[in-house]
Structure formats: C-alpha cells, structure tokens
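The structure under discussion appears below in the form of structure tokens.
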Amino acid sequence: MTPELPLHHYLVVGAILFALGTIGFLARRNLIIMFLCAEMMLQGVAVNLVAFARYRGNLEGQAFTLFIITVAACEAAIALALILMLFRNKRSLDVSLWQELREPRQEPIVDEEPLPTPEREAPNPVLTQAGLEPEHREEKSHV
Amino acid sequence: MSDVSYLLWLIPALPLAAAFITAFLGPKLLRGQSHWPCILGAAGACVVSVIVFWAVYSTPGEGKPVQVVSYYTVFHAGAVNVDFRLRADALTALMLVMVTFISTLIAIYSIGYMHGELHSEPHGERQDAHGHGHGAAVPPGPNYGYPRFFAEVALFIFSMTMLVLGDNLFILYAGWEGVGLCSYLLIGFWFTKPSAADAARKAFLITRIGDVGLFLGIMLLWVGSGFHLDYQGVFDNFPHDPFYVTLACLLILCGAAGKSAQFPLYTWLPDAMEGPTPVSALIHAATMVTAGVYLIARCTPLFVQAPVAQLVVACIGCFTALFAALIALTQNDLKRVLAYSTLSQLGYMFLGLGCAIGFGGFAADGRPQAGPEATAAVSASMFHLFTHAFFKALLFMAAGSVMHAMGNVIDMRRFGGLRKLLPTTHWTFLIGALALSGLPPFSGFWSKDEIVGAAFVAGHHSFSFGAVYYALFIAAMATAFLTAFYTFRAYFLTFWGEERIPEEAGGHAHESPAVMTVPLVILALFAAAVGAVLALPPWRLFEAFLVRTPGFVEGPQSPPEYLLMGVSAVVAAAGIGLAYWMYVARPGTAAQLAHAMPRAYLLSSHKFFVDELYDYFLVKPVVGLTQFLRIIDQYVVDGLVDIVGNIPKLLGALFWPIQNGLVQYYALLMVLGLTVFLLALVRYR
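Structure, rendered in structure tokens:
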C-alpha cells in the first residue's frame with residue numbers, strides 16, 4: 207500500500223463489491239448467478255480484511271483472507287453440486303420454483319413472469335461406455 | 078446374658094434366603110420340592126430362636142437381659158440416623174419362638190394342603206359361603222402356584238421376624254409393611270378369582286389407613302424424643318407431657334388397630350379368608366394380626382403414661398371382642414366363624430393391654446417403667462397372644478383339613494357328622510375349640526382368665542375410670558360365654574349329627590395325609606398343655622419370664638383369684654352346654670330362635686351391616702368425589718393446559734406469512750434487519 211492511498215479507498219472498494227453482491231443476490235433468480243453474487247460479497251469482506259490488516263500493520267486479516275479463499279473454494283464445489291441436483295429435479299435454475307419449505311397452510315407465491323425456459327432441453331451429459339459392465343452377484347438378505 | 082450377636086441375624090436371614098431360592102429356582106428346578114427351602118429356613122430360624130430364648134432365660138439374677146446388636150447404618154442424613162439394629166430381650170424372644178415354631182408347622186402342613194397346586198387343579202374354586210359358585214380359572218402357568226406359595230410364606234416369615242427383632246421404629250415399620258405386603262400377596266394367591274383379588278385389595282387398603290397413623294406416630298416419637306428412633310432412646314427422651322404422650326399412643330393405636338383388625342378397621346380380616354387356609358392360620362390368626370398387640374406391648378412404657386389412651390385401647394378391644402362374637406354366632410362359613418373369633422380374641426388382647434394401668438415411675442437412670450399391675454396386664458395380654466397363636470392356628474388347620482376332605486366346601490350347612498370320617502381332625506379341632514372356649518385346663522382358659530382378671534384389677538385401681546373398667550370386665554365375661562357358644566356351635570354342626578358329605582368331595586372323602594395331621598397333633602398338644610404349664614400358680618413361668626423385659630417393674634405376684642377362675646370356667650361350660658342343647662339335643666331350636674327374633678338374627682348374620690354402612694358412607698362418597706374430580710380434571714385442568722398451549726400457537730400465526738419458503742425473501746429480510754441494526758448503531762453510537 208502506498209502511503210498516499212489512504213484506508214478509506216480500499217474500504218469503499220470493499221463496500222461497493224459487497225453492495226453489488228447483495229443487490230445481485232436479491233435481484234437475480236438464477237441459482238448460479240446468486241451463488242456468484244454471494245461469492246462477490248465474500249470478496250468484498252476479504253478486501254476489507256486485507257486493508258485493515260495492512261493499516262494496522264499485522265497479519266491477522268491476511269490470515270483470515272487466506273481461510274476465506276480456501277473455504278470459498280470448498281463452498282463452490284459443494285454449491286455447484288447442489289445446484290446441479292436442483293437443476294436435475296426441476297429442469298430449471300429458477301430459485302422461485304423451490305417453495306416447499308414454507309409454513310403449512312400457506313399458499314405458494316405464483317410467479318407472474320417466470321424465467322424463460324429454453325425451447326429444447328439440454329440433455330444431461332452422459333459418459334460414453336467403456337468396457338463391459340461386470341456381472342453382479344445376487345446378494346441374499348439375511349435380515 | 079450370653080452373647081448371641083453372632084446368631085441373631087440368622088433368624089431373618091434364613092427365611093429370606095429361602096424366599097429367594099424358592100422364587101428363583103422353584104418354577105424351573107425345584108418344582109414339587111419347592112417346600113424344602115421354606116421349611117428348612119423356618120426350622121433353622123426356629124432353632125436359632127430357641128437358642129436366643131435360652132440365652133435370655135438362662136441369664137442369672139434379677140436383671141433385665143437385653144442384647145442390642147448394631148450391624149450397619151442403613152442411612153444417615155442429617156438428624157436421621159437409621160441403624161440396622163436387632164434386639165434380643167424377653168418380649169422379642171417369646172415372639173420369635175412362637176412365630177418361627179408355628180411357621181415351621183404350617184409350612185409342613187402346607188405340603189399336603191397345597192398339593193393340588195402341583196397338578197394345576199382348579200383349586201381356587203372354593204364354593205364360598207354366599208354361593209357365588211365357580212368363578213375361577215386356573216392360575217396361569219403350570220405348577221407355578223406351588224413355588225410361589227412357599228416363596229411368599231418364606232418372605233412373610235422374614236418380615237415378621239424383622240418386625241419383632243428390630244430395635245428401632247424404622248425397622249419395625251419396614252417389617253410391618255413387609256408383612257402387609259405378604260398378606261396382600263397370599264390373600265390374593267388365587268388372584269384369578271375376583272373375590273380373592275378384591276379381598277386382597279381390601280386388606281391392603283384398610284391396613285394402609287392404620288399405617289398412616291402409625292407412620293405419623295413414629296414421626297411424632299422421633300421428633301419428640303430429640304431424633305431418636307431406637308426404642309430405649311424414644312422411651313427415655315420423649316417428653317412426659319400428657320398431651321403429647323396420649324397423642325403418640327393414639328397414633329400407634331391407629332396402626333395397631335389396622336394391622337390387628339380392631340373395631341373401625343376390622344372388616345378386612347373376615348374377607349381375608351379367601352386366601353389358602355394355611356395362610357389364614359399363619360398370617361391371619363397366629364402371627365401377623367398379633368403385630369399390633371406386640372407393638373403396643375413394646376410401647377408399654379409410653380402407654381402407662383397415658384391413661385386416656387389406655388382406656389381407648391381397652392374400650393376398642395372390648396367392643397371388638399363382643400361385636401365379633403355376636404357376628405360369629407350366626408355365620409355359616411366355618412372359616413368365617415374362626416375369623417370372627419380371631420377378631421374377638423384380638424379384642425381380648427387389646428383389652429388386656431388397655432388394662433395395663435399404673436405408671437411405675439422412673440428407674441434409677443430416668444427410664445419410665447410400667448408398674449406391677451400394668452406388667453401383670455401386659456403379661457396377660459401377651460400370654461393370650463401366645464396361647465391363641467397355638468389354638469387358633471390349630472383350629473384353622475383343622476378347618477383346612479375338613480375343607481381338604483370335603484372338596485373345598487366350607488359351608489357348615491352342607492356337611493355334618495364328620496367325627497367318624499375324620500377322627501384325627503375331630504380330636505384336634507375339639508381340643509382347639511375347648512382351648513378357645515376357655516375351659517380348664519386347656520390353654521385358653523388360663524390366658525383369658527388373666528385378661529378378665531386384669532380388667533377387674535384395673536377397675537379396682539383406676540382413679541378416674543374405675544366404673545368403665547368394671548363395665549368392660551362384665552362385657553368380657555359375656556363375650557367369654559358367647560365365645561364358648563359359637564365355637565361349639567361350629568364344632569357340633571361340623572362333627573355331630575347325621576353324616577352329610579357334599580358332592581364336591583367326589584365320594585372319596587377321607588382323613589388328610591400324615592403330613593397334615595402330624596402338625597395338627599403337635600399343635601393340639603401345645604394348645605392343650607401350654608397354658609397350664611406356663612401359668613400354673615405359684616410359678617407362673619410366663620409372667621416371670623416376661624417381666625424381665627426392660628421397662629417392666631416386677632411386683633409381688635398377686636394371689637390367684639380362685640373365685641374368678643371358677644366363674645369363668647362355669648361361664649365357658651354354660652356356653653358349651655347351651656350349644657350342645659341347641660344343636661345336638663334339640664336340633665330345631667336354633668331355627669326356632671332365629672324365627673322368634675328375626676331382626677336380631679338378620680343383624681348378626683349380615684355382620685351388623687357394617688360393610689354396607691362403610692360402602693354407603695365411605696366408599697360411595699369417595700367414588701362420587703372421584704367422579705366429580707375426574708370431570709374437573711378433564712374439563713377445567715385440561716382446559717387450562719390447552720389454553721396455555723394455544724396462546725403461543727395463536728401468536729405464532731401472526732408470523733406465518735413470513736415463512737413463505739422463498740430464499741430471496743428471507744435474504745431480503747436479513748438485509749433489512751442488518752440495515753436497521755447498522756442505522757441504529759450509527760445513530761445511537
């Protein structure tokens with residue numbers, strides 16, 4: 207950090223990143239985009255941490271940031287897997303299709319302008335078969 | 078006194094071990110041999126009891142031999158310090174010998190009597206006196222009844238020996254409840270029969286009423302004596318305030334009246350005859366029902382300080398004696414006649430205890446003592462307990478032998494003239510009946526005479542209540558006449574007249590096997606001789622032995638009242654003669670008399686309608702109250718609980734729309750909330 211660039215510049219960048227992420231998370235309905243927005247919020251926080259660490263002249267914030275990046279990577283793996291499963295269920299990435307976890311006796315909110323669905327469904331990627339499937343021995347249950 | 082501390086614990090331990098062995102090994106392993114642990118345990122306890130008795134008896138000099146052994150502390154919490162302490166003194170030794178000896182004989186007798194249980198015969202189908210008929214199914218499981226019976230009898234012997242051996246009120250109470258439990262289990266032995274199950278429940282509940290009083294009494298004694306529980310500590314430290322002593326004594330009397338079936342709480346004992354006859358002999362005639370008498374005798378140093386409580390004891394006892402005798406006159410069930418006579422004789426014992434007036438002052442070390450007259454009265458009462466145990470157990474066992482031969486029919490109207498058919502049973506029953514009637518020289522004569530004499534002496538000595546005691550004396554004499562009459566009514570109806578055998582006997586009515594008759598003969602010998610041997614003046618061995626219990630003062634032996642003896646012998650003979658005249662010489666007289674006095678006959682044969690009165694005035698209102706409370710519980714209490722549960726539910730309904738399941742809606746609310754917090758933080762920093 208050059209001495210002539212004071213702390214609040216970095217904080218403003220972090221705040222902008224965070225605000226953009228928040229707005230994106232609230233406004234967009236595509237699951238993947240929402241996930242990426244969440245990541246953006248995380249990065250805004252990381253910028254703040256690094257800036258404060260530099261400002262105070264210690265390494266704590268840097269260490270935190272390293273952890274945040276690591277965790278974000280793991281999170282991405284899990285989140286993308288989950289999103290894939292959700293997509294397989296509904297053939298859509300629209301988050302508003304998932305309303306089952308609501309209070310009983312509450313009517314679902316009907317979307318007036320649903321996301322445009324692709325005309326032709328993309329097939330799930332299938333691996334080409336290599337070799338023969340081994341014969342399975344019949345297992346007898348002893349229960 | 079020679080040291081018996083190493084033996085004392087064996088007396089309860091042997092029957093307890095027998096109970097466990099029979100309970101665990103009986104159904105699978107011992108089966109038909111399940112009686113051995115019980116008999117050996119009882120016999121072993123009897124041998125040890127005799128050794129303890131001898132150790133007390135052979136103590137030289139005029140002292141009061143007593144040995145207290147403290148084995149370990151059961152629990153210790155604050156001021157409560159309960160030691161497992163056993164005590165051997167003259168009173169305990171007497172009770173022990175009597176209990177274990179009779180238990181052994183009855184256990185042997187039960188081998189024959191309970192034999193039917195082995196073959197899963199529907200032995201419970203006793204045709205009872207009211208002709209309810211066959212209501213019983215066979216108890217579940219093959220052959221389980223036999224080991225169960227002996228395990229419960231062994232457990233009873235354990236509890237009873239603990240009751241008389243314990244040196245503090247806590248152990249006494251534990252034994253007290255233990256015998257109550259065993260009584261419940263054994264009355265309900267044929268629990269598939271509704272009348273037996275009801276009788277068991279009735280016995281348990283009614284004695285429980287008394288037990289509440291006893292427990293309050295123990296608490297009062299404990300607090301009043303500065304947190305002592307052992308007898309000596311309680312007697313020495315309880316304040317000599319007339320009010321508190323009387324209150325404590327009345328509470329103890331409440332417990333004793335429940336267990337010993339005295340007037341207001343007696344109705345369970347006649348119903349308890351639903352149990353097997355050896356149980357009636359052991360628990361409901363010889364041992365358990367005398368626990369109340371033992372308790373009051375043990376607490377004599379307290380009772381002599383409370384003349385009012387003693388008067389209550391005497392009045393309750395005498396009233397029960399007379400009342401039960403009047404009921405016994407017209408009962409047709411042989412066992413019920415004996416049950417009412419047990420009530421009556423227990424009433425005599427209470428009368429004797431209540432006549433124990435005369436405070437003997439304090440011993441050199443500050444201990445309260447019973448005076449010489451009181452000692453004589455308590456001794457008379459305990460002596461009657463002792464002889465009664467022998468002859469009443471004998472009578473019940475003979476009645477059981479009759480039942481055994483008659484195919485479990487016990488209604489005296491359905492059999493008769495059995496003296497040729499059952500010769501041994503006949504002779505032994507006759508001896509028991511003579512002892513119960515109080516004809517010299519049989520045992521009942523000596524002990525009953527001593528109690529009547531004690532009432533006479535009490536009338537002479539009491540300052541305030543002399544007239545009352547004289548009235549009790551006359552009532553006791555009248556009861557003696559009634560006793561002789563109803564006992565021999567039962568005897569003549571059963572064994573005299575033309576021979577009649579009910580069809581339930583199956584045409585092969587026969588004398589019981591030796592395993593039943595030998596105990597009968599042994600008991601008959603004791604019932605005949607024990608009174609004369611122990612009470613014959615001038616030695617009067619029983620009284621000489623009992624006064625060596627701590628807390629009793631020996632006085633000069635009062636000269637025997639030959640006039641009184643003569644009168645009571647004549648009264649007994651008159652009762653027997655009247656019974657002979659009414660039932661043998663002129664067999665129709667009884668029916669004519671019943672016709673002539675229909676009201677009196679109805680009152681007596683319906684037991685003065687006491688059960689109905691209790692039902693109407695106590696049971697019905699309580700049932701009504703419970704119905705009322707049930708409604709309150711269902712609608713008021715449950716309604717309140719429902720309201721309390723519904724309030725959060727209604728409040729929560731306000732927030733239901735928030736939970737719409739949309740992820741972004743939740744995120745929006747979170748952001749808004751965060752904004753509010755941030756604004757608040759900035760504004761009110």
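As they're listed, the protein sequences go chains A and B.
Using the working numbering, the letters of the first sequence map in sequence onto residues 207 to 349.
Using the working numbering, the letters of the second sequence map in sequence onto residues 78 to 762.
Ideal Cβ placement from N, Cα and C applies to all residues, glycine included.
Item: Listing by chain order, which chain B residues have their CB less than 9 Å from the CB of valine 301 of chain A?; Value: Leu739, Val740, Gln741
Item: Going by other Cβ atoms of all chains shown within 10 Å of its Cβ, with 16 needed for buried, is lysine 336 of chain B buried or exposed?; Value: buried
Item: Starting from the N-terminal side, write out each stretch of the alpha helix (DSSP H) that is 4 residues or longer and does not extend beyond the segment 312-344 of chain B.; Value: 319-336
Item: Would you say alanine 454 of chain B and phenylalanine 629 of chain B are within 7 Å of each other, going by their C-beta atoms?; Value: no
Item: From the beta carbon of isoleucine 315 of chain A, is the nearest beta carbon of chain B less than 7 Å away?; Value: yes
Item: Using 7 Å as the limit for Cβ to Cβ distance, is valine 308 of chain A near chain B?; Value: At residue 308 of chain A the sequence reads arginine, which differs from the valine that was named. For arginine 308 of chain A, the answer is yes, since a Cβ of chain B falls inside 7 Å of its Cβ.
Item: What is the rounded straight-line gap between the Cα of valine 251 of chain A and the Cα of leucine 242 of chain A?; Value: 14 Å
Item: Considering phenylalanine 436 of chain B, what are the terminal residues of the beta strand (DSSP E) in which it resides?; Value: 436-439
Item: Strictly under 7 Å for the Cβ-Cβ distance: is alanine 730 of chain B near chain A by that measure?; Value: no
Item: Please compile the residues from chain A whose C-beta is within a distance smaller than 7 Å of the C-beta of alanine 744 of chain B.; Value: Phe231, Leu232
Item: Using a Cβ cut-off of 7 Å, pull out every chain B residue sitting near threonine 228 of chain A, in sequence order please.; Value: Val748
Item: Note down, in chain order, each residue of its chain lying with its Cβ closer than 6 Å to the Cβ of glutamine 408 of chain B, except the 5 sequence neighbours on either side.; Value: Val414
Item: When burial is assigned at 16 or more other CB atoms within 10 Å of the CB, is asparagine 485 of chain B buried or exposed?; Value: buried
Item: Report the option in B:Ile88, B:Phe292, B:Thr397 whose CA atom is closest to the CA atom of alanine 251 of chain B.; Value: B:Phe292
Item: Roughly how many angstroms lie between the CA atoms of serine 524 of chain B and valine 151 of chain B, to the nearest whole one?; Value: 39 Å
Item: Nearest to valine 125 of chain B by CA position, among B:Ala90, B:Ile98, B:Ser187, is which residue?; Value: B:Ala90
Item: Should valine 129 of chain B and alanine 95 of chain B be called a contact, given that it needs their Cβ atoms to be closer than 7 Å?; Value: no
Item: Along chain B, which residues have their Cβ under 8 Å away from the Cβ of glutamine 305 of chain A?; Value: Asn737, Gly738, Leu739
Item: Would you verify that the beta carbon of glutamine 182 of chain A is, or is not, closer than 7 Å to some beta carbon of chain B?; Value: No information on residue 182 of chain A is available, as it lies outside the stretch 207 to 349 that chain A covers here.
Item: Do the segment 227-247 of chain A and the segment 740-747 of chain B make contact, defined as three or more Cβ pairs closer than 8 Å?; Value: yes
Item: Rounded to whole angstroms, how far is the Cβ of methionine 459 of chain B from the Cβ of threonine 571 of chain B, which I believe are closer than 8 Å?; Value: The Cβ separation is near 31 Å, so there is no contact.
Item: Look up alanine 433 of chain B in the DSSP assignment and say whether it is helix, strand or coil.; Value: coil
Item: Would you list the one or two residues that DSSP bridges to glycine 243 of chain B?; Value: B:Leu163
Item: If you draw a straight line from the C-alpha of leucine 217 of chain A to the C-alpha of arginine 311 of chain A, how long is it?; Value: 45 Å
Item: Any idea which residues DSSP pairs histidine 153 of chain B with across the strands?; Value: B:Asn158
Item: Using only alpha-carbon positions, find the residue among B:Asn158, B:Val127, B:Thr169 that is nearest to valine 145 of chain B.; Value: B:Thr169
Item: Residue ranges of each alpha helix (DSSP H) run of no fewer than 4 residues wholly in the segment 272-316 of chain A, ordered along the chain?; Value: none
Item: Around the C-beta of cysteine 331 of chain B, are 16 or more other C-beta atoms found within 10 angstroms, so that it is buried, or is it exposed?; Value: buried
Item: With the cut-off set at 7 Å, would you say glycine 521 of chain B and threonine 556 of chain B are in Cβ contact?; Value: no
Item: Applying the criterion that 16 or more other CB atoms from any shown protein chain within 10 Å of the CB defines a buried residue, is arginine 762 of chain B buried or exposed?; Value: exposed
Item: Which bits of chain A does tryptophan 733 of chain B rub up against, with CB to CB less than 8 Å?; Value: Glu309, Arg311, Gln312
Item: Relative to the alpha-carbon of serine 302 of chain A, which residue among A:Val316, A:Leu290, A:Ile289 has its alpha-carbon at the smallest distance?; Value: A:Val316
Item: Keeping to the same chain, check which residues put their C-beta closer than 6 Å to that of valine 381 of chain B; ignore five residues upstream and five downstream.; Value: Phe436, Ala447, Ala451
Item: Quick one: measure Cβ to Cβ for threonine 397 of chain B and phenylalanine 473 of chain B, integer angstroms, because I've assumed they're closer than 8 Å.; Value: So it is not a contact: roughly 19 Å between Cβ atoms.
Item: Please determine if the segment 168-185 of chain B and the segment 233-250 of chain B are in contact, where contact requires at least 3 C-beta pairs separated by less than 8 Å.; Value: yes
Item: Less than 8 Å between the CB atoms is what I'm expecting for alanine 586 of chain B and leucine 411 of chain B, so what's the real figure, rounded?; Value: So it is not a contact: roughly 15 Å between Cβ atoms.
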